Amino acid sequence: MFTGIVEEVGTVVAVERAGEDARLRLRGPLVTEGTQVGHSIAVDGVCLTVTDVADQTFAVDVMPESLRRSTLGALVAGSPVNLERAVPAGGRLDGHIVQGHVDGVGRIAARRPGPRWDEVEVELPGPLARYVAEKGSIAVSGVSLTVTHVGDASFGIALIPTTLEVTTLGRLGVGDDVNLEVDVIAKYVERLLSGGPRTEGTA
Numbered sequence: 001m002f003t004g005i006v007e008e009v010g011t012v013v014a015v016e017r018a019g020e021d022a023r024l025r026l027r028g029p030l031v032t033e034g035t036q037v038g039h040s041i042a043v044d045g046v047c048l049t050v051t052d053v054a055d056q057t058f059a060v061d062v063m064p065e066s067l068r069r070s071t072l073g074a075l076v077a078g079s080p081v082n083l084e085r086a087v088p089a090g091g092r093l094d095g096h097i098v099q100g101h102v103d104g105v106g107r108i109a110a111r112r113p114g115p116r117w118d119e120v121e122v123e124l125p126g127p128l129a130r131y132v133a134e135k136g137s138i139a140v141s142g143v144s145l146t147v148t149h150v151g152d153a154s155f156g157i158a159l160i161p162t163t164l165e166v167t168t169l170g171r172l173g174v175g176d177d178v179n180l181e182v183d184v185i186a187k188y189v190e191r192l193l194s195g196g197p198r199t200e201g202t203a
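Just so we're aligned: 183 in the UniProt record's numbering is position 183 of the sequence shown, and the numbers increase by one with no gaps anywhere.
What follows is the structure, given as structure tokens:
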């Protein structure tokens with residue numbers, strides 16, 4: 001589990017394609033501290049398993065499903081990415097519950113600079129719109145953010161100076177794609193209210 005509080009902006013060192021999947025090597029001096037093979041790191045909001053750690057870099061394998069459902073398939077050497085290690089048991093939940101399971105790709109539709117912050121409008125795939133609520137939480141490329149308003153096919157977010165400075169969101173412009181993970185609680189509530197299969201013995 002993650003919190004959506006980015007620890008550092010890392011850099012893609014190499015991309016190796018192998019059929020429908022890929023292997024990435026990324027540089028992250030902070031997130032590699034104490035990291036071992038088998039640990040999880042969120043890369044632009046996608047939970048990936050570390051397969052190798054060496055010289056402040058780490059490698060991960062990206063399966064076809066992750067490449068299809070996220071922006072990772074477009075990464076090249078030199079691409080900046082948001083990095084976050086999994087939250088330890090008993091750690092502080094400063095953002096919200098983020099699984100690292102990207103639901104789809106959104107696109108920045110508008111960006112309005114403010115005195116100290118930016119207001120951003122993000123288009124999202126139609127099926128995801130029902131899970132987004134005003135003042136609710138959403139992860140955008142791994143960053144935990146509060147939704148400022150909701151439209152038919154888009155939502156708004158406000159990026160404070162810290163977010164602009166320490167994540168990749170400060171570098172993105174209109175037309176750029178972002179990974180979206182909606183609040184998992186909303187999906188569970190929908191599943192329960194839909195009258196899906198119940199576990200035997202439950203009330």
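A virtual CB, placed ideally from N, CA and C, is assigned to each residue, including glycine. Predicted model only: the values in this text are computed from it and were never measured.
Straight-line gap, residue i to residue j (C-alpha atoms, nearest Å)
i: Thr202; j: Leu192; result: Unreliable positioning characterises Thr202 in this predicted model, as indicated by a pLDDT of 36, which lies under 50. The coordinate reading is nonetheless provided below. Rounded to whole angstroms, Thr202 to Leu192 spans 12 Å at the Cα level.
i: Thr167; j: Ala89; result: 24 Å
i: Ile138; j: Ser70; result: 15 Å
i: Ile97; j: Phe2; result: 6 Å
i: Gly10; j: Glu134; result: 31 Å
i: Glu123; j: Leu145; result: 15 Å
i: Leu159; j: Tyr188; result: 28 Å
i: Val87; j: Leu180; result: 19 Å
i: Ala129; j: Val184; result: 13 Å
i: Val120; j: Leu72; result: 22 Å
i: Gly28; j: Leu48; result: 14 Å
i: Asp61; j: Leu24; result: 6 Å
i: residue 215; j: Leu172; result: Because the chain in this structure spans residues 1 to 203, residue 215 falls outside the shown range and cannot be described.
i: Ser154; j: Ala186; result: 17 Å
i: Ser194; j: Leu30; result: 43 Å
i: Val132; j: Gly175; result: 21 Å
i: Thr163; j: Gly170; result: 7 Å
i: Pro115; j: Gly38; result: 43 Å
i: Asn82; j: Asp21; result: 21 Å
i: Val140; j: Gln56; result: 25 Å
i: Gly142; j: Gly100; result: 7 Å
Segment limits, beta strand (DSSP E) that includes residue i
i: Ile138; result: Ser137 to Val140
i: Arg111; result: Gly104 to Pro113
i: Ser144; result: Val143 to Val150
i: Glu16; result: Glu8 to Ala18
i: Pro80; result: Pro80 to Arg85
i: Val166; result: No beta strand (DSSP E) holds Val166; the alpha helix (DSSP H) holding it covers Pro161 to Val166.
Buried or exposed (CB count within 10 angstroms, at least 16 for buried), residue i
i: Ile41; result: buried
i: Glu165; result: exposed
i: Arg85; result: buried
i: Ile157; result: buried
i: Val178; result: buried
i: Gly45; result: buried
i: Ala59; result: buried
i: Gly126; result: exposed
i: Gly91; result: exposed
Below-8 Å beta-carbon distance, residue i vs any chain D residue
i: Ile138; result: Included in the structure is just one protein chain, with no chain D present.
Residue i vs residue j beta-carbon contact at 8 Å
i: Val182; j: Asp103; result: yes
i: Val13; j: Ala77; result: yes
i: Arg26; j: Val43; result: Strictly speaking, residue 26 in this sequence is Leu, with Arg absent from that position. Against a cut-off of 8 Å, the Cβ pair of Val43 and Leu26 comes out as a contact.
Residue span of the alpha helix (DSSP H) that contains residue i, given as start and end
i: Glu190; result: Val184 to Leu193
Cβ contact check for the segment 110 to 124 and the segment 26 to 37: 3 or more pairs under 8 Å:
no
Between the segment 41 to 52 and the segment 14 to 21, do at least 3 Cβ pairs fall closer than 8 Å?
no
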